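Enquirer: Numbered continuously in numbering that gives the first Met the number 0, the sequence shown closes out at residue 355. Built from N, CA and C at the ideal position, the CB exists for glycine as well. These figures come from a predicted structure and were not determined experimentally. Please find one structure pasted underneath; my questions will follow.
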Amino acid sequence: MYNPNAPGWQARELRRERELNRREILMAALAGESTPRFPVIGPGGLINVITRTVLDRFGIPLPAAHYSGVMMAELAAATYDMAGFDNVGVPLCLTVEAEVLGARVEIGDSTALPRIVAFPEISMEDIIANALPGLLQHGRVPQVLRSVELLRDMRPGIPIIGNIAGPATLSASLIRPSAMIELVKKDPGFLNRLLEGIVSFLCAYAEAMVENGADIIMIHEPAARSGSYMGFDLFHNVLPYFNELSRYAHLGGARVILHVCGGRMEQVRMCRETDVDAYSFEAEVDPGEASAILHKPIVGTVPSSLVHYFPPEMVLEETLMAVRNGAAIMAPPCGLGLDTPFQNLRIMKEASHRFS
């Protein structure tokens with residue numbers, strides 16, 4: 000873990016930074032080892048780092064890039080080149096899985112990212128029956144896998160993050176919470192059947208990403224933000240399934256990061272039941288406290304309002320403060336739009352070379 004307080008740290012870590020490349024620094028941080036500087040990642044998925052600045056400079060069009068593995072890889076590589084993050088990451092949204100399972104997605108344009116606008120118009124039993132690894136050949140999934148493969152050659156040596164929707168989030172994208180609760184009341188085994196179906200698909204998806212070159216799988220759970228609904232906590236019910244996803248990724252040699260939206264310490268404590276390499280929480284969660292509870296590296300962040308509306312100097316200070324408070328890795332906040340000031344993303348990476 001990043002420890003600037005150890006005796007002789009500065010000279011020793013400067014020597015080590017010359018010896019380590021970005022992949023080694025990020026992988027060491029994920030393993031909880033000492034690093035010459037803290038890594039800064041731009042994962043993709045829910046943690047969007049694509050901005051108008053990047054789109055305008057490179058002329059890569061949206062929404063076309065969401066359908067093209069080539070353009071998706073080019074846009075991820077362009078963002079890496081401009082921001083200097085310690086990774087490249089795809090896909091550029093968190094709607095791929097829900098769409099292939101029947102949800103209706105509004106793909107967005109050059110001003111807005113894709114979003115889910117309607118639940119599937121088929122029964123839950125049909126969704127469960129269709130949630131098979133064969134879905135890897137449908138929808139935008141093949142293009143995402145192609146982009147991972149291309150990035151391996153386009154930016155050799157740079158860690159690739161493959162982003163997937165978590166089982167709670169994917170479930171909530173397929174059925175209304177109120178309807179899910181009613182089905183669970185009528186049939187206590189329904190939720191397990193649903194989760195087993197969609198997790199089998201997610202495991203195959205994660206495995207394919209790793210086979211194509213992904214070094215890290217990041218599982219995104221924005222649905223965790225909702226907490227308990229009428230006494231039913233979907234995030235709590237999916238905890239065992241994270242370990243299955245993690246196992247598939249680990250078998251291929253990849254690391255796993257779990258990103259949990261929301262600022263409740265209850266969520267942090269729930270994560271003790273999961274087996275992943277690192278955890279990512281929103282800015283409301285103290286990274287030092289989370290690390291003490293989970294005994295794993297924490298990906299820290301800064302408030303999204305800060306990145307949207309305040310000058311780079313304030314983003315820099317908040318980034319450094321998060322690291323001082325215990326974050327081993329930093330990332331921009333989730334849910335950023337295409338109009339995010341690019342300099343406020345780039346300054347987070349610059350902060351890793353200014354820490355003292």
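Taking the alpha-carbon positions, what's the Glu120 to Arg103 distance?
Expert: Looking at the two C-alpha atoms, the distance is approximately 9 angstroms.
Enquirer: Examine the Cβ distances between the segment 154-165 and the segment 35-54 and report whether three or more of them are shorter than 8 angstroms.
Expert: Judged by Cβ distances under 8 angstroms, the segment 154-165 makes contact with the segment 35-54, as three or more pairs qualify.
Enquirer: If you draw a straight line from the C-alpha of Tyr204 to the C-alpha of Leu135, how long is it?
Expert: Cα to Cα, the separation comes out at about 7 angstroms.
Enquirer: Among His294, His65, Leu344, whose alpha-carbon lies nearest the alpha-carbon of Glu316?
Expert: When only C-alpha atoms are compared, the closest one is Leu344.
Enquirer: Ordered along the chain, which non-local residues of its own chain (more than five positions away) have a Cβ less than 8 angstroms from that of Met70?
Expert: Excluding sequence neighbours, Met70 sits near Ile59, Pro60, Ala63, Ala64.
Enquirer: Using the C-alpha atoms, what's the distance from Ser172 back to Phe234?
Expert: If you take the alpha carbons of Phe234 and Ser172, they lie about 13 angstroms apart.
Enquirer: Within the continuous alpha helix (DSSP H) that includes Val275, where are the two ends?
Expert: Neither: Val275 is in no alpha helix (DSSP H) and is coded neither H nor E.
Enquirer: Quick one: grab the DSSP three-state call for Glu32.
Expert: Looking at Glu32 - three-state DSSP - the assignment turns out to be coil, as it is neither helix nor strand.
Enquirer: Alpha helix (DSSP H) containing Val147: first to last residue?
Expert: Where Val147 is concerned, the enclosing alpha helix (DSSP H) stretches over 140-153.
Enquirer: Quick check: the segment 254-261 against the segment 273-290, are there 3 or more CB pairs under 8 angstroms?
Expert: Enough Cβ pairs lie closer than 8 angstroms, so yes.
Enquirer: For a minimum of 3 consecutive residues, which ranges assigned as the beta strand (DSSP E) are wholly contained in the segment 175-239?
Expert: The segment 175-239 contains these whole beta strand (DSSP E) runs: 215-220.
Enquirer: Tell whether a beta-carbon distance below 7 angstroms holds between Val140 and Pro90.
Expert: Against a cut-off of 7 angstroms, the Cβ pair of Pro90 and Val140 comes out as no contact.
Enquirer: Taking the C-alpha atoms as reference points, what is the distance between Gln9 and Phe37?
Expert: Confidence in Gln9 is poor, its pLDDT being 44 and thus under 50, which makes the residue's placement unreliable; the coordinate value appears in the next sentence. Each residue's Cα considered, the two are about 13 angstroms apart.
Enquirer: Looking only at its own chain, which residues have a Cβ that is under 8 angstroms from the Cβ of Asp356, when we skip the five neighbours before and after it?
Expert: This structure gives no information on residue 356, because the portion of the chain shown stretches from 0 to 355.
Enquirer: Am I right that Ala130 and Phe200 are in contact with their C-beta atoms under 8 angstroms? What's the rounded C-beta distance?
Expert: Contact holds; Cβ gap of about 5 angstroms.
Enquirer: Kindly confirm or deny that the segment 108-117 and the segment 25-41 touch, where touching means at least three C-beta pairs closer than 8 angstroms.
Expert: Flag = no, the segment 108-117 and the segment 25-41 do not touch.
Enquirer: Have a look at the DSSP bridge pairing and note the partners of Leu257.
Expert: Paired residues: Ile218, Tyr278.
Enquirer: On the DSSP letters alone, give me the boundaries of the beta strand (DSSP E) that Val87 sits inside.
Expert: Its beta strand (DSSP E) spans residues 87-89.
Enquirer: When the Cα of Arg21 is compared with those of Arg353, Lys348, Phe354, which residue comes out closest?
Expert: Comparing Cα positions, the closest option is Lys348.
Enquirer: Should Glu195 be listed as close to the ligand NAP, given that the test is whether its C-beta is under 6 angstroms from any heavy atom?
Expert: The ligand NAP is absent from the structure shown, which contains no ligand whatsoever.
Enquirer: Alpha carbon to alpha carbon, what distance is there between Leu194 and Ala128?
Expert: So the alpha carbons of these two residues sit roughly 12 angstroms apart.
Enquirer: What span of residues does the beta strand (DSSP E) with Glu105 cover, start to end?
Expert: From DSSP, the beta strand (DSSP E) with Glu105 extends over 103-105.
Enquirer: According to DSSP, is Gly133 part of a helix, a strand, or is it coil?
Expert: DSSP places Gly133 in helix when its eight states are reduced to three.
Enquirer: Taking C-beta to C-beta, are Pro302 and Ile346 nearer than 7 angstroms?
Expert: No; because the gap between Cβ atoms is not below 7 angstroms, this pair is not in contact.
Enquirer: Check this for me: beta carbons of Val298 and Leu305, under 7 angstroms apart or not?
Expert: Not closer than 7 angstroms, so no.
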